[in-house]
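>
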Amino acid sequence: MVEVLRGDHRTNWLLASLEAEDFAALQPHLELVELSRGQVLYEPGDPLRYTYFPHYAVVSLVNMMEDGGTVEVALFGRGGVLGRALVTREAFGRYIVQIGGTASRIAAERLDEVSNARPKLRRLLQSYGEVLLAQTFQILSCNAVHPVEARCCRWILMAQDRADQEVLPLTHEFLAEMLGVQRSTVSVVTRTLQTAGLIRQSRGGINVTDRAGLEETTCECYGKIRRLYQRLLPDADEARAPSG
Numbered sequence: 046m047v048e049v050l051r052g053d054h055r056t057n058w059l060l061a062s063l064e065a066e067d068f069a070a071l072q073p074h075l076e077l078v079e080l081s082r083g084q085v086l087y088e089p090g091d092p093l094r095y096t097y098f099p100h101y102a103v104v105s106l107v108n109m110m111e112d113g114g115t116v117e118v119a120l121f122g123r124g125g126v127l128g129r130a131l132v133t134r135e136a137f138g139r140y141i142v143q144i145g146g147t148a149s150r151i152a153a154e155r156l157d158e159v160s161n162a163r164p165k166l167r168r169l170l171q172s173y174g175e176v177l178l179a180q181t182f183q184i185l186s187c188n189a190v191h192p193v194e195a196r197c198c199r200w201i202l203m204a205q206d207r208a209d210q211e212v213l214p215l216t217h218e219f220l221a222e223m224l225g226v227q228r229s230t231v232s233v234v235t236r237t238l239q240t241a242g243l244i245r246q247s248r249g250g251i252n253v254t255d256r257a258g259l260e261e262t263t264c265e266c267y268g269k270i271r272r273l274y275q276r277l278l279p280d281a282d283e284a285r286a287p288s289g
């Protein structure tokens with residue numbers, strides 16, 4: 046028996062922000078899909094056939110180095126959209142699901158057709174593209190100049206914003222890949238954060254126990270990225286300000 050996924054496309058804040066007429070034009074082309082943890086949506090060079098609007102799934106765009114190293118350059122969640130390229134139509138990095146969940150999916154060509162006919166939708170997607178570029182610049186700058194502890198706090202906060210889960214299924218190995226550091230370094234940092242009472246680690250992942258403390262410990266980049274999305278989506282869920 047085929048399982049039927051249930052959910053609201055407007056769980057994604059970008060889709061929720063659309064006017065009724067624009068959403069109605071888009072809705073018939075949207076399908077609900079389940080994204081599994083560890084699933085690779087695109088590898089570098091793959092054609093971008095589908096565009097995804099995550100709900101509670103969290104997806105990373107990772108730059109792949111020739112020596113096998115990786116570093117995250119963008120993070121997508123319920124405040125964003127991924128798999129949309131304006132020129133090359135090819136992925137320039139690996140899109141990998143870090144936290145599983147549902148998403149709304151649409152064929153890239155169909156999204157182009159609808160947005161070309163709906164000026165407000167087109168402007169929203171263009172504005173999001175600018176925010177995503179600014180987020181990428183901020184993350185790259187953060188990786189270059191800020192200490193690992195602050196960067197780790199930023200990543201945990203951004204992941205919780207997107208997934209809205211108390212326990213984030215994150216491993217030390219995964220965090221090391223996203224931050225571009227050794228696993229042993231992440232182990233030291235997370236142990237320090239746990240000792241400070243900011244997080245609690247378990248086999249299931251990381252539980253945020255003091256969000257305010259994490260926000261005090263992280264660098265300026267988290268706040269800058271969050272404000273970018275707040276300006277783009279001012280009416281998003283006030284319970285958890287969007288940061289992508």
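FYI, this note's numbering numbers position 8 of the sequence shown as 53, with every residue one higher than the one before it. Note that CB positions come from ideal geometry on N, CA and C, so glycine has one too. These figures come from a predicted structure and were not determined experimentally.
1. For Leu75, I'd like the list of residues in its chain whose CB is within less than 6 Å of its CB, leaving aside the five on either flank, ordered along the chain.
2. CA-CA distance, Leu224 and Val116?
3. As a quick exercise: from Gly128, Ile184, Gly146, pick the residue whose alpha carbon is nearest that of Asp157.
4. What separation, rounded to the nearest whole angstrom, lies between the Cα atoms of Leu63 and Val233?
5. Is it true that the segment 244–255 meets the segment 192–209, where meeting means three or more beta-carbon pairs spaced less than 8 Å apart?
6. Would you mind giving the Cβ-Cβ distance between Glu79 and Thr147, rounded to the nearest angstrom? I have them listed as a contact below 8 Å.
7. Roughly how many whole angstroms lie between the Cα atoms of Leu278 and Leu59?
8. Whole angstroms are fine: how far does the CA of Ser247 sit from the CA of Leu166?
9. Between Ala102 and Gly145, which are expected to be in contact by the criterion C-beta below 8 Å, what is the C-beta distance as a whole number of angstroms?
10. Is any non-hydrogen atom of the ligand MG found closer than 7 Å to the C-beta of Arg199, if you look at the structure I gave you?
11. Comparing C-alpha positions only, which one of Gly242, Pro73, Asn57, Ala136 sits nearest to Gly258?
12. Helix, strand or coil: how does DSSP classify Thr240 here?
13. Please look up how many angstroms separate the CB atoms of Phe98 and Val126, rounded, as I've assumed it's under 8 Å.
14. In the structure shown, what three-state DSSP assignment does Ala221 receive?
15. Apart from the five residues just before and just after His191, which ones in its own chain have a Cβ nearer than 6 Å to its Cβ?
16. Using the Cβ count rule (16 or more neighbours within 10 Å means buried), how would you classify Gln227?
17. What first and last residue would you give for the beta strand (DSSP E) that runs through Met109?
Let's see:
1. Taking the first residue of the sequence shown as 1, we reach residue 75 at position 30. His54, Ser149, Ile151.
2. Start at 1 with the first residue of the sequence shown, and residue 224 comes out as number 179. Start at 1 with the first residue of the sequence shown, and residue 116 comes out as number 71. Answer to the nearest angstrom: the Cα atoms are 6 Å apart.
3. Walking along the sequence shown from the start, residue 157 turns up at place 112. Of the candidates Gly128, Ile184, Gly146, the one whose C-alpha sits nearest the C-alpha of Asp157 is Gly128.
4. As a working mapping, residue 63 is identified with position 18 in the sequence shown. As a working mapping, residue 233 is identified with position 188 in the sequence shown. Straight-line Cα distance between these residues: approximately 44 Å.
5. The segment 244–255 makes contact with the segment 192–209: 3 or more CB pairs, one atom from each, lie closer than 8 Å.
6. On the sequence shown, position 34 is the one that residue 79 refers to. On the sequence shown, position 102 is the one that residue 147 refers to. Indeed they touch by this definition, with Cβ atoms about 6 Å apart.
7. The sequence position of residue 278 within the sequence shown is 233, counting from 1. The sequence position of residue 59 within the sequence shown is 14, counting from 1. One C-alpha to the other measures close to 7 Å.
8. Locating residue 166 in the sequence shown gives position 121, where the first residue counts as 1. Locating residue 247 in the sequence shown gives position 202, where the first residue counts as 1. If I take the Cα positions, the gap works out to 42 Å.
9. Within the sequence shown, the letter at position 57 stands for residue 102. Within the sequence shown, the letter at position 100 stands for residue 145. Right, the Cβ-Cβ distance comes to about 6 Å (below 8 Å), so this counts as a contact.
10. Only the bare structure without any ligand can be found here, which leaves the ligand MG out of the picture.
11. Locating residue 258 in the sequence shown gives position 213, counting from the first residue. Gly258 has its Cα closest to that of Gly242, out of Gly242, Pro73, Asn57, Ala136.
12. Counted from its first residue, the sequence shown places residue 240 at position 195. In the structure shown, Thr240 sits in a helix (DSSP, three-state: H, G or I).
13. The count along the sequence shown starts at 1 and reaches residue 98 at position 53. The count along the sequence shown starts at 1 and reaches residue 126 at position 81. With 8 Å as the limit, Phe98 and Val126 qualify as a contact, their Cβ atoms being about 5 Å apart.
14. Locating residue 221 in the sequence shown gives position 176, counting from the first residue. Ala221 falls in the helix class under three-state DSSP.
15. Locating residue 191 in the sequence shown gives position 146, counting from the first residue. Correct list, in chain order: Cys264.
16. Locating residue 227 in the sequence shown gives position 182, counting from the first residue. The residue in question, Gln227, is exposed, as its Cβ has fewer than 16 Cβ neighbours within 10 Å.
17. The residue you call residue 109 lines up with position 64 of the sequence shown. Residues 103–109.
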